[in-house]
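Numbering (the working numbering), first residue to last: 66 to 338.
Backbone N, C-alpha and C define an ideal beta-carbon position, used for all residues, glycine too.
What follows is a short report on a single structure.
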Ligand code: HH2
């Protein structure tokens, strides 16, 4: 089983580690581009040494309450880093919801588009269809600014599944082959703790729709369970990653690559014994 992502054919025999490379607004002040760029580069190099299989670059925060960023500002943030990371020889994913950013990123060599809005920007399907990049379709209820205000589902698994099935169908109809599709229930995106836990428990049911990605690292659901602040959620993140792997997740989006790699190696050794 392979995922086709740009010039990469990624084997899915073991779960892949997608490392988060944050390009936050504060680290990219107008005056001093070089230093943050060098810092992002060093960070990415370390993530690759630690075992990252994919680097996920994001120029717009999707945290609950986050404010939107303009297209040209997002391109200005993401592109220099994307170009600087190409020599690392790892597939680079760009976390964006804007077709214009997707097009610029693909032209600059992005192997994957990670879209928390599942290619619902009117031009997005055509941009991705016209490339050989992989795409991650994520489910979100509402918009980041308000998504945690009282999210509601009658049957969270069925509703998220049917949304992702419809988006995957739209992709295939637009000419994006199944080999390029990744799906993600979107933990924490318009979901309460019980919604998130139900999705995690039933994650294996999503595999029938395609390659499953799980993003659980450091999320507030883990804080709600353990009472820990973001900086102290590594053990919780590892437990969540292993549970997701056990349920069939093939890509794990994480911040702590070295620790996740070790945890997965032990899980895998036992799982394949
Ligand atoms: N979570 C975040 C951002 N992008 N993409 C996918 N496919 N799945 C996720 O679960 C996911 C995602 C969370 O974003 P944010 O809170 O901005 O922080 P960070 O990027 O550090 O995780």
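Point to revise | Assigned exposure category for residue 275 - 16 Cβ within 10 Å defines buried | key: Buried, by the Cβ-count rule.
Check your understanding: Are there three or more Cβ pairs, one per stretch, closer than 8 Å when the region 297 to 304 is compared with the region 263 to 278?
Key -> A contact is defined here as three or more CB-CB pairs under 8 Å, and the region 297 to 304 fails this definition with respect to the region 263 to 278.
**Study point:** Contact test: residue 275 Cβ vs the ligand HH2 heavy atom, cutoff 7 Å
**Key:** The answer is no for residue 275.
Exercise for review: Between the Cα of residue 207 and those of 181, 167, 193, spot the shortest distance and give me the residue it belongs to.
Suggested key: Among 181, 167, 193, the Cα nearest to that of residue 207 belongs to 181.
Review point. Going by beta carbon distance, what residues of the same chain come within less than 7 Å of residue 225, once the five residues before and after it are set aside?
Key: These residues qualify, in order along the chain: 204, 250, 264.
Review point. Whose C-alpha, out of 286, 288, 74, is nearest the C-alpha of residue 176?
Key: Nearest of 286, 288, 74 to residue 176, Cα basis: 74.
Check your understanding: Taking all protein chains shown into account, do 16 or more other C-beta atoms lie within 10 angstroms of the C-beta of residue 78, making it buried, or fewer, making it exposed?
Key -> Looking at its Cβ environment, which holds fewer than 16 other Cβ atoms inside 10 Å, residue 78 is exposed.
Review point. Does DSSP put residue 261 in a helix, in a strand, or in coil?
Key: Residue state, collapsed to three classes: helix.
Check your understanding: Sorry if obvious, but does the Cβ on residue 251 come closer than 7 Å to a heavy atom of the ligand HH2?
Key -> Residue 251: yes, Cβ under 7 Å from the ligand HH2.
Practice item. Confirm the yes/no value for this check: CB of residue 146, any heavy atom of the ligand HH2, distance under 7 Å. Key: For the ligand HH2, not one heavy atom lies less than 7 Å from the Cβ of residue 146.
Practice item. Report the rounded CA-to-CA distance for residue 240 versus residue 311, giving the unit in angstroms. Key: When rounded, the distance between both Cα atoms is 31 Å.
Point to revise | Under the three-state DSSP convention, the category residue 286 falls into | key: Helix.
Point to revise | Residues of its chain near residue 84, where Cβ-Cβ distance is below 6 Å and the 5 sequence neighbours each way are ignored | key: Within the same chain, residue 84 has close Cβ partners 112, 117, 120, 322.
Exercise for review: Spatial neighbours of residue 218 within its chain, please: CB distance less than 7 Å, with the 5 preceding and 5 following residues excluded, ordered by chain position.
Suggested key: Correct list, in chain order: 224, 260.
**Study point:** Three-state class that DSSP yields for residue 69 in the structure shown
**Key:** Strand.
Exercise for review: Under 8 Å by Cβ, that's how I've got residue 134 and residue 123 pegged, so tell me the actual separation to the nearest angstrom.
Suggested key: About 10 Å separates the CB atoms of residue 134 and residue 123; that is not less than 8 Å, and the two are not in contact.
Check your understanding: Quick one, which of 163, 282, 114, 70 has its alpha-carbon nearest residue 187's?
Key -> Checking every option, the nearest Cα to that of residue 187 belongs to 163.
Review point. Which one of 231, 139, 179 has the shortest CA to CA distance from residue 157?
Key: Ranking the options by Cα distance to residue 157, first place goes to 179.
**Study point:** Rounded distance between the beta-carbons of residue 282 and residue 339, thought under 8 Å
**Key:** Residue 339 lies beyond the residue range present for the chain, which begins at 66 and ends at 338; the question has no answer from this structure.
Check your understanding: What number of angstroms, rounded off, separates the C-alpha of residue 336 from the C-alpha of residue 81?
Key -> The straight-line gap from Cα to Cα measures roughly 15 Å.
Exercise for review: Consider the C-beta atom of residue 178 and the heavy atoms of the ligand HH2; say whether any pair is separated by less than 7 Å.
Suggested key: The answer is no for residue 178.
Review point. Quick one: is residue 144 buried, meaning 16 or more other Cβ sit within 10 Å of its Cβ, or exposed?
Key: Its Cβ being crowded by 16 or more others within 10 Å, residue 144 is buried.
Point to revise | residue 132 classed as buried or exposed, judged by whether at least 16 other C-beta atoms fall within 10 angstroms | key: Answer is exposed; the Cβ neighbour count stays below 16.
Point to revise | Between the CA atoms of residue 333 and residue 137 - distance to the nearest angstrom | key: If you take the alpha carbons of residue 137 and residue 333, they lie about 42 Å apart.
**Study point:** residue 91 (DSSP reduced to helix, strand or coil)
**Key:** Its pLDDT being 48, under 50, residue 91 is placed unreliably by the model, and nothing is read from it.
Review point. Just to confirm, does residue 236 get its C-beta within under 7 Å of one of the non-hydrogen atoms of the ligand HH2?
Key: Remark: the shortest separation between the CB of residue 236 and any heavy atom of the ligand HH2 does not fall under 7 Å.
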